[in-house]
Amino acid sequence: MKEKNPYFYLPSSQLFPYSTIEKAIYEDNDLLSIASEARKLIDAGDSAKALELYSSTIEQYPQYPFFYASRSLLNQALGDEEGAFYDYQVAKKLDFNYHIFLEWQENKGSMLLAPELEELNRELQQDTPHAQPYINRAMLWTQHFDYELAIADYQNAIVLDDNPEIRVSMAAVYLRMLLYDSALEQLQLALSSDGQLPNAYLYRAKLYVAIHENEAALQDFESALQLTPDSTEVLEERAGYYERIEDWQSAIADYTEVIARNPTDFYCYVLRADALERTGAWQEAIADYDEAIRLNPHYSDLYQYRGELKEKLGDETGAAMDFEKYEELEDE
1 MKEKNPYFYL
11 PSSQLFPYST
21 IEKAIYEDND
31 LLSIASEARK
41 LIDAGDSAKA
51 LELYSSTIEQ
61 YPQYPFFYAS
71 RSLLNQALGD
81 EEGAFYDYQV
91 AKKLDFNYHI
101 FLEWQENKGS
111 MLLAPELEEL
121 NRELQQDTPH
131 AQPYINRAML
141 WTQHFDYELA
151 IADYQNAIVL
161 DDNPEIRVSM
171 AAVYLRMLLY
181 DSALEQLQLA
191 LSSDGQLPNA
201 YLYRAKLYVA
211 IHENEAALQD
221 FESALQLTPD
231 STEVLEERAG
241 YYERIEDWQS
251 AIADYTEVIA
261 RNPTDFYCYV
271 LRADALERTG
281 AWQEAIADYD
291 EAIRLNPHYS
301 DLYQYRGELK
311 EKLGDETGAA
321 MDFEKYEELE
331 DE
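Residues in the sequence shown are numbered consecutively from 1, following the UniProt record's numbering.
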């Protein structure tokens, strides 16, 4: 059950340092107790003990991104940028949604408001507002990292037009906030209203991937593909899932299908090259980097990646040329 899944209930609790979201916590277990105790220590000004608690918990439970993200936020507040960045990198690797969440924590409230907001505000002051201006403003709030305001506008839009697509959009913002329980609730409501929404299946699949509900994720990817068989986005997301579980051949198959449908997107070749490298198919990976570089010759990292593979194959001259090109582009 997802309610017993730490990948699900820890971020949903929002027991992060300095979180502005207050939630009632009904579950009583060791991990939530640790998160709650650390939060209380921080609120009481005892950051040193909170840091010790996060560190000991990470040592015992290194698989959960929640504690790395929490320690990252605390280290950032304490001025330890190196420690904060290390924990951010680990959390991001374990669940990419944590990258988006930590980016939100860093940027919320600091963006200059777009002029379009004033026009939308005037439109919403009318006596008979419609759902669309709320949706438009929610999208702008999202771009400005004001996710809580975006959620409020989506909720207002649903009152005026209970459209399941709005719930999918709201769920996408909840995912950015790591409110996995709220995201899942909105996706379930959307699909109960309309079972033919490919984006609802896709976002739910991404949520299931994040919380390690693998079979459910695969079922939703399949449902999304059945509804949109030409979608490269679904194939890319599923390939990323296959990489996570180290099913490299399945990932390669999905990336190959993406490339067949979109042969001019250089990054698809990069993704397949990485998967090929994991299988030991170094020459094939180099061929993909060749094509990626042909399509985007100014992306410096590609030369470094290809150079490392050439070095493994004993092509010292080719590797040196690639490393030189990498340095040249980095210096520009």
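Where a beta carbon is used, it is the ideal one built from N, C-alpha and C, also for glycine. The model shown is predicted, which means the values in this text are computed figures rather than measured ones.
For GLN76, the first and last residue of its enclosing alpha helix (DSSP H)
65 to 77
Rounded to the nearest angstrom, what separates TYR154 and LEU117 at their Cα positions?
15 Å
Could you pull the start and end residues of the alpha helix (DSSP H) that PHE16 belongs to?
Element bounds for PHE16: n/a, residue is neither H nor E.
Throw me the rounded Cβ distance for the LEU197 and PRO164 pair, which I believe falls under 8 Å.
6 Å
Does any CB atom of chain C fall closer than 8 Å to the CB of SER223?
In summary, chain C is missing from the structure at hand, where a single protein chain is found.
For a test of the three-state rule: what should DSSP assign to ILE58, helix, strand or coil?
helix
Close beta carbons around SER288, own chain, < 8 Å, minus the five adjacent residues each side
The question names Ser, but residue 288 in the sequence shown is Asp. Same-chain partners within the cutoff: TYR269, VAL270, ARG272, ALA273 and LEU276.
Report the option in LEU178, ASP161 and LEU218 whose CA atom is closest to the CA atom of SER193.
Minimum Cα distance to SER193 is reached at ASP161.
Residue nearest to LYS93 in terms of C-alpha spacing, selected from TYR326, PHE66 and PRO17:
PHE66
Is the beta carbon of TYR88 closer than 8 Å to that of SER70?
The Cβ atoms of SER70 and TYR88 lie no closer than 8 Å to each other.
Whether or not the stretch 200 to 216 and the stretch 136 to 143 are in contact is what I'm after, with contact meaning three or more pairs of Cβ atoms, one per stretch, closer than 8 Å; do they touch?
no
Is it right to say GLN14 is buried, meaning 16 or more other beta carbons lie within 10 angstroms of its own, or is it exposed?
buried
Measuring from the CB of GLY79, is there a heavy atom of the ligand GDP at a distance below 7 Å?
Absence of the ligand GDP from the depicted structure is noted, as is the absence of any ligand whatsoever, leaving it without description.
Given a threshold of 16 other Cβ atoms within 10 Å of its Cβ, counted over all protein chains shown, does ALA200 qualify as buried or as exposed?
buried
For the alpha helix (DSSP H) holding ASP43, just list the boundary residues, first then last.
30 to 43
Just checking my contact of LEU51 with LEU74 at CB under 8 Å: how many whole Å lie between their CB atoms?
Indeed, because the Cβ distance is near 6 Å, the residues count as touching under 8 Å.
Measure the beta-carbon distance from PHE145 to ASN107 and round it to whole angstroms, keeping in mind my assumption that it falls under 8 Å.
Confirmed, about 4 Å.
Skipping 5 residues on each side, what residues in its chain have a beta carbon closer than 6 Å to that of ALA239?
ALA251, ASP254 and TYR255
Which of helix, strand or coil DSSP assigns to LYS108:
coil
What's the C-alpha gap between ASN296 and PRO263?
The alpha-carbon atoms of ASN296 and PRO263 are separated by roughly 13 Å.
Taking 8 Å as the threshold, find out whether the stretch 5 to 21 comes into contact with the stretch 33 to 45 through three or more Cβ pairs.
yes
Going by C-alpha to C-alpha distance, which of GLN125, GLN249, ILE259 and SER182 sits closest to GLY280?
GLN249
Can you list the alpha helix (DSSP H) stretches of 4 or more residues lying completely in the UniProt repeat "TPR" (131 to 164), in chain order?
Segments of the alpha helix (DSSP H) lying fully in the UniProt repeat "TPR" (131 to 164): 131 to 143 and 147 to 160.
Using the C-alpha atoms, what's the distance from ARG204 back to GLU148?
21 Å
Sequence-distant residues of the same chain with beta carbon closer than 7 Å to GLY83, five excluded per side
ASN75
For THR279, three-class secondary structure by DSSP
Coil.
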